[in-house]
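Peer 1: 231 is the number of the first residue of the sequence shown in the working numbering; add one for each residue after it.
We put the CB at the ideal spot given by N, CA and C, even for glycine.
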Amino acid sequence: MTNPIHSRFRRRDVLRLAGTLAGAAALGARAQAQQPDYKALVCVLLAGGNDGHNMIVPLDDAPYAVYRAARGALALPDASARLLPVQTPAGQRYGLNSGLQAIAPLWSQGRLAVVANMGPLAAPTTRAQYLAGTAALPGNLFSHSDQIVQALAGNASGAGGTGWGARSVDALIARNSNPRFPAAVSMAGSSLFCTGSKVASASLVPGFDLGADGMSTWPESAAQARARALGEILQIDQGVVLVQAANRVRADARELNALLRAGSSAAAIATPFPGTALGQQLLQVARLMKLRDSAGVGRQVFFCSLGGFDTHSAQGWTHWDLLRQLGEALAAFHAATQELGLASQVTSFTQSDFGRTLQPSGSGSDHGWGNHQLVLGGGVRGGEVYGRFPTLELGGADDAGSRGVLIPSTALEQFGATLARWFGVPANELPAVFPNLAAFAPATLGFMG
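1) Nearest to Phe645 by alpha carbon, out of Tyr616, Arg633, Ala657?
2) Report the three-state DSSP secondary structure of Gln331 (helix, strand or coil).
3) How many Å lie between Gln359 and Ser595 at the Cα?
4) Which residue from Gly626, Phe653, Arg618, Gly631 puts its Cα closest to that of Ser639?
5) Only counting runs of 3 or more residues, tell me where the beta strand (DSSP E) segments fall wholly within the region 286-356, in order along the chain.
6) Beta-carbon within less than 7 Å of Ala353's beta-carbon, same chain only, minus the 5 sequence neighbours each way: which residues are those?
7) Ignoring anything shorter than 4 residues or poking outside the region 525-601, list the alpha helix (DSSP H) runs there in chain order.
8) What residue range is occupied by the uninterrupted alpha helix (DSSP H) comprising Lys428?
9) Kindly indicate the opening and closing residues of the alpha helix (DSSP H) around Ser375.
10) I'd like the list of long-range same chain contacts for Arg312, defined as Cβ closer than 7 Å, with 5 residues on each side in sequence excluded.
11) Quick one: what's got a C-beta closer than 7 Å to Asn406's C-beta in the same chain, skipping five residues either side?
12) Do Leu508 and Leu536 have their C-beta atoms closer together than 7 Å?
13) If Asp467 and Ser427 are in contact, beta carbons under 8 Å, what's the gap, nearest whole angstrom?
14) With C-beta atoms as the reference, is Gly612 less than 7 Å away from Ala334?
15) What residues match up with Met678 in a beta bridge as DSSP calls it?
16) Quick one: Cα of Asp482 to Cα of Thr621, how far?
17) Using only the alpha-carbon positions, how far apart do Met348 and Thr501 sit?
18) Identify whether Asp467 lies in helix, strand or coil by the three-state DSSP scheme.
19) With burial defined as no fewer than 16 other Cβ atoms inside 10 Å of the residue's Cβ, what is the status of Gln603: buried or exposed?
20) Classify Gln264 as helix, strand or coil using the three-state DSSP reduction.
21) Find out if the Cβ-Cβ distance for the pair Val576, Ala270 is shorter than 7 Å.
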């Protein structure tokens with residue numbers, strides 16, 4: 231067995247679902263026309279620490295001059311070749327990195343927004359508190375692994391052992407008529423974001439249907455005999471807890487393989503996707519969304535990842551190319567949601583380990599704190615920057631020191647709660663998803679319709 235799935239399915243549930251999905255192809259346009267109560271959140275982790283300061287740049291004269299002074303050689307020129315001009319309803323001018331050219335038109339269409347200077351906070355924090363050592367701080371600031379855990383757990387300590395995406399589905403588990411079908415799916419390995427207390431979770435590999443090696447042979451009767459023998463082996467009580475757990479995972483993978491293969495003919499997507507790793511992850515997400523009706527799932531969260539953002543050197547072209555991959559993959563995915571009639575029911579957003587320092591370190595930048603994030607979809611109140619855009623000044627009001635490590639002005643909980651509220655989590659249940667939400671006001675930020 232290669233790449234076994236990590237799941238919590240009971241075999242009888244998966245086998246029952248296999249019969250349901252086997253008829254998915256016959257549903258066709260009729261299933262599309264039903265417009266079920268369906269919503270999905272798609273988290274894209276920009277692993278390594280995306281330099282949000284060069285993802286969106288203030289273009290009004292005074293703030294742009296401050297930006298150039300702080301960034302030095304990393305500053306992007308105010309030219310259409312490097313920055314794509316956008317404007318807020320209040321007339322503030324910004325420039326998107328030209329690597330995001332594929333999604334830039336969605337800004338003026340009201341489907342793309344930026345949430346400014348967001349990050350993990352134990353409590354609202356000022357520069358004076360930080361410098362005086364009186365601020366309550368997230369654990370292990372500037373650590374890749376710790377801050378990824380915080381971002382996906384939805385709190386500044388990373389505690390709890392579950393992710394805020396799966397906890398949002400836990401709160402809405404009744405919306406899924408087949409609660410054992412994977413409602414929290416990672417396309418980038420096992421992910422905390424998709425780990426909940428109730429929700430069925432899965433880790434899949436794009437293009438791989440969980441088929442076992444060595445099971446394809448001739449004649450067909452021989453292949454069937456091998457499959458039966460493997461099934462019987464996996465049911466033998468080995469008397470060793472670890473072996474039994476591994477056998478259950480393998481058995482679940484075999485049975486989910488039947489689900490995926492049965493529904494594959496119904497899950498074709500006409501929208502072309504880039505052949506990049508992120509493009510293929512998002513293509514697989516779109517295919518799974520197409521099976522939503524026959525699978526009986528009304529709420530889903532997905533996790534994807536694009537690595538390479540730890541740009542301590544050679545940042546210029548590397549960062550542009552990573553944002554190009556991100557923009558092209560998100561543009562294709564948004565077009566696919568339109569194809570599926572789900573554009574207003576699917577919201578994609580970025581997260582990252584942390585931001586980066588304003589001050590360069592040679593041809594790159596070092597680990598920072600606050601960062602800007604993208605939010606995209608038909609349900610987004612786009613064309614706007616939400617939260618308070620920071621002062622990009624070394625040693626300025628938002629700097630934790632003198633190198634441009636920006637203290638977040640928007641908490642991770644506020645960002646996540648805004649998405650969870652749109653997802654359908656009742657306001658009175660948001661504290662169960664984000665236990666520290668009461669420390670921040672307002673609880674939600676208004677970037678979702």
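Peer 2: Looking at the atomic coordinates:
1) Selected option, being the one with the closest Cα: Tyr616.
2) DSSP places Gln331 in coil when its eight states are reduced to three.
3) Taking the straight line from one Cα to the other gives about 25 Å.
4) Measuring C-alpha to C-alpha distances from Ser639 to each of Gly626, Phe653, Arg618, Gly631 identifies Arg618 as the nearest.
5) As far as the region 286-356 is concerned, its whole beta strand (DSSP E) runs of at least 3 residues are 286-288, 313-317, 323-327, 342-349.
6) Excluding sequence positions up to five before and after Ala353, its CB lies within less than 7 Å of the CB of Ala366, Ala669, all in the same chain and listed in chain order.
7) Runs of the alpha helix (DSSP H) spanning 4 or more residues and lying entirely within the region 525-601 occur at 545-569, in chain order.
8) Following the DSSP letters along the chain, one finds Lys428 in no alpha helix (DSSP H), marked with neither H nor E.
9) Note, Ser375: alpha helix (DSSP H), 374-383.
10) Once the five neighbours on either side are set aside, the close Cβ partners of Arg312 are Leu306, Ser328.
11) Answer for Asn406: Ala413, Gly526, Val527, Gly528, Arg529, listed in chain order.
12) In this structure, Leu536 lies closer than 7 Å to Leu508 by Cβ.
13) Not really, about 28 Å apart at Cβ, beyond 8 Å.
14) Taking 7 Å as the Cβ cut-off, Gly612 and Ala334 do not qualify as a contacting pair.
15) Looking at the DSSP assignment, Met678 forms a beta bridge with Val610.
16) Confidence is the limiting factor: at Asp482 the pLDDT is only 48, short of 50, which leaves the residue's position unreliable, though a coordinate-based value still follows. Pairing Asp482 with Thr621, the inter-Cα distance amounts to about 52 Å.
17) Per the coordinates, the alpha-carbon of Met348 lies some 32 Å from the alpha-carbon of Thr501.
18) Note: Asp467 maps to coil in three-state DSSP.
19) Here Gln603 is buried: its Cβ has 16 or more other Cβ atoms, across all protein chains shown, within 10 Å.
20) Confidence at Gln264 is low in this model, with a pLDDT of 42, below 50, so the placement of that residue is unreliable and no value is reported for it.
21) Taking 7 Å as the Cβ cut-off, Val576 and Ala270 qualify as a contacting pair.
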